[in-house]
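See below for the structure under consideration.
Number of protein chains: 2
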Amino acid sequence: MKRTAQTHHPIHTLLKDRWSPRAFSDKPVEPEKLLAVLEAARWAASAMNEQPWRFIIATKKNPAEFEQALSCLNEGNQRWAKDAPVLIFTIVKKTFTRNDRPNRAALHDLGLAVANLTLQATELGLHVHEMGGIQIDKIRETYQIPEDYEVVTGIALGYYGDIEQLPEDLQEREKGPRQRKPLSELIFTGTWAKPASFVKNNGT
Amino acid sequence: MKRTAQTHHPIHTLLKDRWSPRAFSDKPVEPEKLLAVLEAARWAASAMNEQPWRFIIATKKNPAEFEQALSCLNEGNQRWAKDAPVLIFTIVKKTFTRNDRPNRAALHDLGLAVANLTLQATELGLHVHEMGGIQIDKIRETYQIPEDYEVVTGIALGYYGDIEQLPEDLQEREKGPRQRKPLSELIFTGTWAKPASFVKNNGT
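From first to last, the protein sequence lines stand for chains A and B. Per this note's numbering, residue 808 is the first one in the first sequence, and the count goes up by one each step. Per this note's numbering, residue 808 is the first one in the second sequence, and the count goes up by one each step.
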């Protein structure tokens, strides 16, 4: 299933074709693909090259570990993420290692790494669905996350499955239109909320 | 100047070739390229599709606006960012518009958008250098950033210039090796700090 974004300006195919499905195939992700996806995350930029990102991974190859990870999602996400072959929790170190001071950019830099991961996954024919709906306290306890680290998101990773495998309400959401705010609401010049001059009057 | 990452696993060329230079050419960025780069950011994923990212942009086409933006960087960054044709400040909305509740993922989602922007820039032959070193209070005041929004980073965007244009100390930094932690320090399974089984003993 393709859901290519209807862009106003041409962008790279991998960015246009990326979307977040719920209907995952249970086909395993090949270890070399998993490594490539994580390697992509590894090479993101970060403030002071701190590389604040950490990933906890569970695959169906180890059913007990997978069940443990699945149980740490919110119930709404468990309904469909149970079919994905790989679950990941993303975590950041909140301070700079060199001086123990707060790293204001840590979450932002995690986002850079996750976008790299997602792009590499897309390139390899895989899909990524990020989830804010996770049980953070349970994850902290289950995986013994140290005090100085923050649990941010869950990720389901795998090949696309069949929309028919989803409950009906989720089938509808899988097919809905992909929408974004116009550039005129996002890009300002000179002062807040003043659209940049190179953005057209129709907002694109 | 190329500084392709020495990866342990094959990753997409655009991710390998991305790096953050200081020696920018003063060649302007074509408006259609600027729009493509911002369009790429626009199509990132976000929690509840909130799209919390905002960008304030200054180009050398408007020298007063550029000088204003430049003066909002830390002095160390002004030394080289003065040569870039485009400066951007990244900002996030800290709450969900639908219910005014805190958006825990806002900074992370901004990172997703900035990584998309960076990838599109790389694809178009441009370079991006993100800066944590910015004068946040001055930016808030200069651009009248609303209470509910947080200023996160600055970005210099443009074509690569000539390393010789940099002060000597920055020339050295421009040439240093690109280093990252091994996967074994980033990817865990089952519990914290336990390297995933698919990561090799040498950490790759």
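From the three backbone atoms N, C-alpha and C, an ideal C-beta is built for every residue, glycine too.
G965 (chain B) carries a strand assignment under DSSP once its states are collapsed to helix, strand and coil. Within chain A, G918 have C-beta atoms less than 8 Å from the C-beta of D916 (chain B), given in sequence order. Put simply, the CB of I994 (chain B) is near chain A, with a gap under 8 Å to one of its CB atoms. DSSP places I863 (chain A) in the uninterrupted beta strand (DSSP E) bounded by 860 to 866. Measuring C-alpha to C-alpha distances from K889 (chain A) to each of A:W826, A:A830, A:A812, A:H815 identifies A:A830 as the nearest. Against P817 (chain A), the close residues of chain B are A843, in the order they occur along the chain (beta-carbon pairs closer than 7 Å). Secondary structure of M938 (chain A) (DSSP, three-state): strand.
Only exposed fits E882 (chain B), as fewer than 16 other CB atoms lie within 10 angstroms of its CB. Residue environment for P909 (chain A): exposed (fewer than 16 other C-beta atoms within 10 angstroms of its C-beta). Of all alpha-carbon atoms in B:A854, B:L977, B:M938, B:N1008, the one lying nearest the alpha-carbon of R987 (chain A) is that of B:A854. Of all residues in the region 923 to 939 of chain B, the ones placed with a Cβ closer than 7 Å to any Cβ belonging to chain A are N923, L926, Q927, E930, E937, G939, in chain order. By a beta-carbon distance limit of 8 Å, I864 (chain B) does not contact V958 (chain B). Their separation comes to about 14 Å. When CB distances to chain A are screened at a threshold of 7 Å, the residues of the region 943 to 968 of chain B falling below it are Y950, Q951, I952, P953, V959, T960, in chain order.
The residues K823, in chain order, have a CB closer than 7 Å to that of T814 (chain B) in the same chain once the five nearest residues on each side in sequence are set aside.
The continuous alpha helix (DSSP H) containing K823 (chain B) extends over residues 820 to 824.
Pairing K809 (chain B) with V836 (chain B), the inter-Cα distance amounts to about 20 Å. Within its own chain, no residue has a Cβ closer than 6 Å to the Cβ of E839 (chain A) once the five positions on either side in sequence are excluded. Check the Cα spacing between G997 (chain A) and each of B:L821, B:Y950, B:S991: the tightest is with B:Y950. Secondary structure of E857 (chain B) (DSSP, three-state): coil. Annotated three-state conformation of L880 (chain A) is strand, per DSSP. The beta carbon of G939 (chain B) lies closer than 7 Å to those of T960 in the same chain, with the five residues before and after it left out. In this chain, the alpha helix (DSSP H) harbouring K945 (chain A) covers 943 to 949. Taking 8 Å as the cut-off, the beta carbon of A913 (chain B) is found no closer than this to the beta carbon of V844 (chain B).
Comparing alpha carbon positions, the residue from B:W860, B:R985, B:I994 closest to T904 (chain B) is B:W860.
Counting the other CB atoms within 10 Å of its CB gives N884 (chain A) a total of 16 or more, which places it among the buried residues.
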